[in-house]
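There are 8 protein chains.
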Amino acid sequence: MRRERVRDVLHQVADGALGVSQALDALAFEPLDATQSADALAFATIDHHRAVRQGFPEVIYGAGKSAEQICEIASRIAERGDSVLVTRIAPDAADRLQASLDNVEVNRVARTAYRPGADRPVPGKGSVAIVTAGTSDIPVAEEAAVTLAALGDCATRVTDVGVAGIHRVLARRAELTAASVVIVIAGMDGALASVVGGLVATPVIAVPTSVGYGASFQGIAPLLTMLNSCAAGVTVVNIDNGFGAAVAASRITHL
Amino acid sequence: MRRERVRDVLHQVADGALGVSQALDALAFEPLDATQSADALAFATIDHHRAVRQGFPEVIYGAGKSAEQICEIASRIAERGDSVLVTRIAPDAADRLQASLDNVEVNRVARTAYRPGADRPVPGKGSVAIVTAGTSDIPVAEEAAVTLAALGDCATRVTDVGVAGIHRVLARRAELTAASVVIVIAGMDGALASVVGGLVATPVIAVPTSVGYGASFQGIAPLLTMLNSCAAGVTVVNIDNGFGAAVAASRITHL
Amino acid sequence: MRRERVRDVLHQVADGALGVSQALDALAFEPLDATQSADALAFATIDHHRAVRQGFPEVIYGAGKSAEQICEIASRIAERGDSVLVTRIAPDAADRLQASLDNVEVNRVARTAYRPGADRPVPGKGSVAIVTAGTSDIPVAEEAAVTLAALGDCATRVTDVGVAGIHRVLARRAELTAASVVIVIAGMDGALASVVGGLVATPVIAVPTSVGYGASFQGIAPLLTMLNSCAAGVTVVNIDNGFGAAVAASRITHL
Amino acid sequence: MRRERVRDVLHQVADGALGVSQALDALAFEPLDATQSADALAFATIDHHRAVRQGFPEVIYGAGKSAEQICEIASRIAERGDSVLVTRIAPDAADRLQASLDNVEVNRVARTAYRPGADRPVPGKGSVAIVTAGTSDIPVAEEAAVTLAALGDCATRVTDVGVAGIHRVLARRAELTAASVVIVIAGMDGALASVVGGLVATPVIAVPTSVGYGASFQGIAPLLTMLNSCAAGVTVVNIDNGFGAAVAASRITHL
Amino acid sequence: MRRERVRDVLHQVADGALGVSQALDALAFEPLDATQSADALAFATIDHHRAVRQGFPEVIYGAGKSAEQICEIASRIAERGDSVLVTRIAPDAADRLQASLDNVEVNRVARTAYRPGADRPVPGKGSVAIVTAGTSDIPVAEEAAVTLAALGDCATRVTDVGVAGIHRVLARRAELTAASVVIVIAGMDGALASVVGGLVATPVIAVPTSVGYGASFQGIAPLLTMLNSCAAGVTVVNIDNGFGAAVAASRITHL
Amino acid sequence: MRRERVRDVLHQVADGALGVSQALDALAFEPLDATQSADALAFATIDHHRAVRQGFPEVIYGAGKSAEQICEIASRIAERGDSVLVTRIAPDAADRLQASLDNVEVNRVARTAYRPGADRPVPGKGSVAIVTAGTSDIPVAEEAAVTLAALGDCATRVTDVGVAGIHRVLARRAELTAASVVIVIAGMDGALASVVGGLVATPVIAVPTSVGYGASFQGIAPLLTMLNSCAAGVTVVNIDNGFGAAVAASRITHL
Amino acid sequence: MRRERVRDVLHQVADGALGVSQALDALAFEPLDATQSADALAFATIDHHRAVRQGFPEVIYGAGKSAEQICEIASRIAERGDSVLVTRIAPDAADRLQASLDNVEVNRVARTAYRPGADRPVPGKGSVAIVTAGTSDIPVAEEAAVTLAALGDCATRVTDVGVAGIHRVLARRAELTAASVVIVIAGMDGALASVVGGLVATPVIAVPTSVGYGASFQGIAPLLTMLNSCAAGVTVVNIDNGFGAAVAASRITHL
Amino acid sequence: MRRERVRDVLHQVADGALGVSQALDALAFEPLDATQSADALAFATIDHHRAVRQGFPEVIYGAGKSAEQICEIASRIAERGDSVLVTRIAPDAADRLQASLDNVEVNRVARTAYRPGADRPVPGKGSVAIVTAGTSDIPVAEEAAVTLAALGDCATRVTDVGVAGIHRVLARRAELTAASVVIVIAGMDGALASVVGGLVATPVIAVPTSVGYGASFQGIAPLLTMLNSCAAGVTVVNIDNGFGAAVAASRITHL
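Residue numbers (the working numbering), protein chains in the order written: chain A, 266 to 520; chain B, 266 to 520; chain C, 266 to 520; chain D, 266 to 520; chain E, 266 to 520; chain F, 266 to 520; chain G, 266 to 520; chain H, 266 to 520.
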């Protein structure tokens, strides 16, 4: 363990067993904060230190990992008492994970698996509003909601209020202004982000989704809309990235 | 219900129970036209008001919605006597819908389901010509045709008249000039829109389709062709969006 | 002149000077409606027939043409008593045109030059609302306005009502619903088209503009937004193409 | 039948039964060459006239058409004694076609079905060399070869001579220079077209293929390579479009 | 003025001059919060209400506006005692603005002009760190800094700490963790956002810049890098959009 | 000189001065046809051999070359009696070239400079029709025309016959069918290539041009249109590449 | 065999049986290095000469080839005693290959099949470090590792050290600096390549992978990141191309 | 200075003035190798440590920096005796730099400025061949050559050997195989990289250039060609990035 090794070096210096210049060489080029974080499997290096550094442990991105790999990583994290969150998990991998660990909650719409850690997460200040333009955006909203819950945040939902019927979102204005952060999830034209960005004074995080006709191009259209929002102060995460939006929101509520 | 709440406020003002400035505050920032339109399911907010505002009720975009969600929304709309139109519906969802509601007409080529409302739609003025460049464009044409019928419009078909044999479209010129609006549906080079746009004086709505060899790029090629049409006055909708073209045409015939 | 040639052939047949099968060969493959329309300069073939076919004469697209070419084409059109409209005209070419023809009205913001024809244009039914999201969209709006006037249409303006302050467009709702056709011009996120498309029941023609920060990509962002509008029935023309939108609108008002 | 109708008009003029100006009106705006070509099914308008106009009958593009549609169109063409060529035909549609028509030759690699017509095709002058860069390009080469045979052309093959081993193509130089036209088919870097274009003086038609690693982007990489060929005089057809290259080559050999 | 009109309606109801149901109709569909915000010039509709709604007045985006337009809008805003901020202002327009209004501070690197309002802006909580990868990113950083100051925020700078020398950013870690919000500005590979996103627990807003060699594509490369950041919780604004990042940061510090 | 060196080797073998296996080593890996072609300047290696190999000498692509470099290369080529053709030459470089060599013909519209060689070029069989959609396409057409003349080909022009007035191209059908090869040059929608491709049976070479409104994207729109032409047998060259189209046409006429 | 034929020619010259000028003609235009390399199957031309020319035999790219084709090519290569390496091999083709040849090692994660040749490969100098950003990048790393082994190189692995936890890669710095060449494999933001490029002085080869959320666009995002690396000297291969990176690395270790 | 500060800490521990755990806290999270490298100007943080870490000092990328900034940074680097290299320097900035520092060598074609350091660079092993496809690629080649010289490498040139005349590059084969590393610079089709990659066994670094006709898209075409090279082991740097290619080559020659 690195921290221990530094302590050893320092003790040796204190004891006169090691000269200052030798100690200097021993310490040079070492990223000391790595001391407690490297847990190397054959296929993964778990960043256990992240919980200390950023307030939540490493999250497992399920896409492209085998069920075996997910279970192995999850078990290492769980062993330390940290909470386990897997996103983009395939149905069969979720089943495998539930079979190998207790207390795993699977959300099939969100494609997530979650297992609470030994300690409850630090609660965020205020609530996060998750606003969706259409029913088809719900899986992304669910991913955000599961992530927020895992991070100690409280979320409210405002569903299916796309701008083609502008009164729908205006009617929910009170809920939007009551939130500390607003996550806007929309595909197709993605215009909801601009409208909401103009209605509230709080941070707005926009998530484009890959829903839509041909020239939506799997979400490029709403992505560009949101990046070009005429409502200043709207920020954007990747297409379908409900997880990322939730983490960004939680960074704000945990300031 | 919001309209009722406004009425209450007004009654209180009329009765002297509420001062004018207090009433003013109560009414500020409220989109009053939302009063009768919000019908919120867990996963959808139905815009019942749309039929009043735009002459046709909300249409259900089937892609990305589960069969259950489609049936639930459709049933809410049908209960009010409005007509139900579902586009991009998967075969099994269509089956489910037919099982759960009577009088549902499914068009498997168009991927639509339709259930007439209590009242017949207001008929449009004149007819809409649906022109296709090739046989492969027919599903998009069918979607347009079903939508037009649901909106009270009458459609004629001019099929497989791509410009590689220019005489084919010239031979059908009379049918094109007889229509109030012409919808041109074409993939590959999309050149038919420009030729038709030059032949008629009426509005031309172009629909690019995703049919074609590699560098058609799922419809980008004809989309760009149509946007760049040298025949002025051609307007364009999204790739494969027969539904959108039909609504645009119907807005014209219902002026 | 072609029509004369056909008459000659027919006279020869009537006179017995030409056999039927020879006449048939002579006539085959000839687009007879071309008879009076081809006026060939060295660098242009003027489509004089267009005024008959589509109700307005050929418009000169100024970009990529020299001042000499523009003046020569304009003079040929003016000689016939038709009205002359030049779009995308460079300042110096506009000066040259004003020097070479009388009664030429130049609009420097719209980059247009216009000279009325002998007859007044046929007036369109109703008016066309030109709605812009921001001040930077005004040149495109001007191009549309000049074109509409040339086509006999009457236009109203609703300026700078982008959705970041949604109340601005809602406050102008009466003007929007009063128009026969609405042209929505917006850059950046292009979201205004969807909001307007949901507010009115009339045809909406959207024009993306090339104004904006980096990832607007010279108008691709609002173009995609508009093509993916969640408000059904919105149609789209090319980036910055105020002229095309006006012609499309005029096709509708002249039905 | 239109040609007959024109003949009727002419006979009436010859007989004095119709005045010249009436005849003129009757003939105006008619594309006379359409007379014998329109054969309209519900879903297709067959361009029978094409064999007369361009030397080969309409070819059926199988993608996006149902087996029923293919069989129906093929049967109409075959009835007239013309040869039938279907490209991009799905295996089951090919089976159906063989069951419904005699003498149908199916090439599963090329995804084609061919049925000779009553007359043998006019032979082209010289031969066409089909050069491929790699084994994976063979299906496209086969499509070209089947098409060339159907058009009366004689093809030679130079296979797997990609430029990573430049001696391979240099060793086959004699075969390349002996051909009248060279079709170069390559994916990945598409560089073979430039090398061949520099070796021969004859027309070179390049076909990019969709084979390759990630940034080939389904053929965009070789498409761009070929469009930018530093060997002047190389022309390009669409990605994977062996059929189009063969038709272009045959247009040359049939001059 | 709309608020007055509502008050009139209410007074009439209070006086019995207007029935409740008539009043209801009069009020329906009106966005009441528009009452005091619309200030229409010929070319702009100023959103004065924004200061109330979002805590800062409308900002003038200088690109595409003439110097005259900018001065006119600025003067209207200044008249009300609000602060004036113009971004992307051309040098000559800045000169004109300084000539027409007193107290205008121009920052030529940031391309901004600023004139303080009657009241000092509400100070934000904590400070905002502005981190740049290279010297070429400084103009964007300046735009962010000017905007933050105008919004009442206090900014620190960490300059030229791109990841090619990873020790540079690690050496400044204390400054990063001390900030409430971190704005990361980087062109080329944009990798700094991911590294910073992993080092701090606070909100990180990434701004791609258009600096770099060919395949940076005017900022698309760092934009994509940032959207795909492996450090969860990084959000992104448009290319070169220092203004937008500052507003987003300020929304957070003003919670 | 390489051929001489081979001869030397052979003479030495014949004389017994060199053993067979040594000779073999000396000859191995040498591309013998390079013997007379390499003429190396500091900045260019002139392919004098090309005239022998492909029937025309190397052409100088002027873009990116200094006037000095162009003059130096041109002078080397002229010294050998070959004809000199420079494309994309800047006006001042053209002036310099005319000053340094006699008999140089400059075409400012085509941006070409040409100096005939000692021998007249071998005449091509038949003529090449150059068809343009609009006046703005003329510079590309001129480049093609100058190149064809230099290669010994005879060209006819069909100008400004875009498909928005379809009768214009139909009226010129005789000229199109009379040509051996047709070059179609069009920007915007590029649809003319498909129409011409369907009218004639001869080879059609399409050239997209960079003229047009926003979403033409500097010629991508017509490029894609032409690659996706529904008229089989149309081949395509690079955007604005009139030179390449001419060389491809000339390869056909010189078969 | 060509080399033999050249020898024959030389012998005939030595014997006086062939004149020098005849010999010259016989040898002209022949790429002599082709002599022993062309082994033509119907569908492939095996470049046996490559082992001599570049130190390793031709590798079979399995995508787009049938199992039969792969087995046939592999068997030809194996017959000569060369080693056989197949990449991107489908599971069933791998089974077929193992059934048809002995000693075939299949790596299902890497999608490779390998059969050692008669001679051991020449060992490279030093080792190659294969660094991956995440677990999902492992298949590409495996392809690189199998290829390196086949080429005689020795590889070390540094796994899952993405920059979101920068200490992870810093902790492995010693392993990175110990290698002769570093291959960095990363998807999503691809930022690891820049960080590693700044840490070591040795050649760094970056491989973008197609893993990630929407706007990764199948690897375009990390590809652009890597091409724009602010760490000078990083070179890039195609998306997911572990094989190519390994060959490039091996070219360096075999200098 | 950081290293000094660590030494201080250690001395204090050795002297008993500081407890071990306090020392531990003081040292934690510090990247110790940063001690001597941070030299912060207002606008730049110079990475002086880079010379130690990677064998050459920080290079100044001139684009986007003012002449003042360049001179200031250069002067700081020069003061330490390190060599100064500026790339992409504007002509006037180069003049300014020559005026402010002695011994500055400016290469106007390469757009570089270079000032040797106190020590001569460590010479690389072997030479680097710089191969260009055309004259227009020379500025990029010059940038590479200047950089190589600054890094202690020796370069040879093979100029204008594009594949349209394949004998040109074959004739220079000896020079290519004699080099340790080959840099291939090509625009348009970029095919030269694949041919060279197949000819030599040494590392090949490809540089796409932005020279060419329309669909070269400022270098995207050759970039994609090179990434998709069918010659395994070719690696690629950014468009026009001669500097990066030189650094990559030098990393190899300095192994």
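The C-beta atom is built at its ideal place from N, Cα and C for all residues, glycine as well.
Item: Contact set between residue 500 of chain B and chain C, taken where Cβ atoms lie within less than 7 Å; Value: 470, 500, 501, 502 and 513
Item: Buried or exposed by the 16-neighbour rule on C-beta atoms within 10 Å, applied to residue 346 of chain A; Value: exposed
Item: Minimum Cβ-Cβ distance from residue 282 of chain C to chain D less than 8 Å; Value: no
Item: Cut-off 6 Å between Cβ atoms - residues of its own chain near residue 475 of chain E, not counting five sequence neighbours on either side; Value: 483, 484, 504 and 505
Item: 4-residue-minimum alpha helix (DSSP H) runs that sit fully inside the region 413-469 of chain E, ordered along the chain; Value: 431-435, 438-443 and 457-464
Item: Segments assigned alpha helix (DSSP H), at least 4 residues, entirely inside the region 325-368 of chain A; Value: 332-344 and 356-365
Item: Local Cβ density within 10 Å of residue 295 of chain G, reported as buried at 16 or more and exposed below that; Value: Model confidence at residue 295 of chain G stands at a pLDDT of 43, short of 50, so the residue's coordinates are unreliable; what they give is reported in the following sentence. With 16 or more Cβ atoms within 10 Å of its Cβ, residue 295 of chain G is classed as buried.
Item: 7 Å CB neighbourhood of residue 366 of chain E in its chain, flanking five on each side removed; Value: 339, 340, 343 and 380
Item: Nearest-angstrom Cα separation, counted from residue 353 of chain B out to residue 337 of chain B; Value: 17 Å
Item: Under 8 Å from the C-beta of residue 324 of chain D: neighbouring residues of chain F; Value: 497
Item: Contact check, residue 507 of chain D vs residue 409 of chain D, beta carbons under 8 Å; Value: yes
Item: Residue 400 of chain E at chain H interface by Cβ criterion, 8 Å; Value: yes
Item: Residue 455 of chain E at chain G interface by Cβ criterion, 8 Å; Value: yes
Item: Cβ contact (3+ pairs, closer than 8 Å) linking the region 422-436 of chain E and the region 447-463 of chain E; Value: yes
Item: When G:397, G:413 and G:441 are compared against residue 427 of chain G, the one with the closest alpha-carbon; Value: G:397
Item: Opening and closing residue of the beta strand (DSSP E) in which residue 392 of chain E lies; Value: 392-397
Item: Contact with chain A by residue 451 of chain B, beta-carbon distance below 8 Å; Value: no
Item: CB contact below 8 Å: residue 266 of chain F versus chain G; Value: Bear in mind that a pLDDT of 30 at residue 266 of chain F, under 50, signals an unreliable position, so the model cannot answer this.
Item: is_contact[residue 410 of chain D, chain C] using C-beta, thresh 8 Å; Value: no
Item: CB contact below 8 Å: residue 296 of chain C versus chain F; Value: With a pLDDT of only 40 at residue 296 of chain C, under 50, the local geometry of the prediction cannot be trusted, and the value read off the model is given with reservation. Chain F contact via Cβ: present.
Item: Neighbour-count burial assignment, residue 404 of chain D, 16 or more Cβ in a 10 Å radius; Value: buried
Item: Alpha carbon of residue 400 of chain G to alpha carbon of residue 472 of chain G, nearest angstrom; Value: 15 Å
Item: Cross-strand partners of residue 380 of chain H (DSSP beta bridge); Value: H:349
Item: beta-carbon residue 447 of chain B near the ligand NAD non-hydrogen atom, thresh 7 Å; Value: Among the ligands in the structure shown, none appear at all, so the ligand NAD cannot be discussed.
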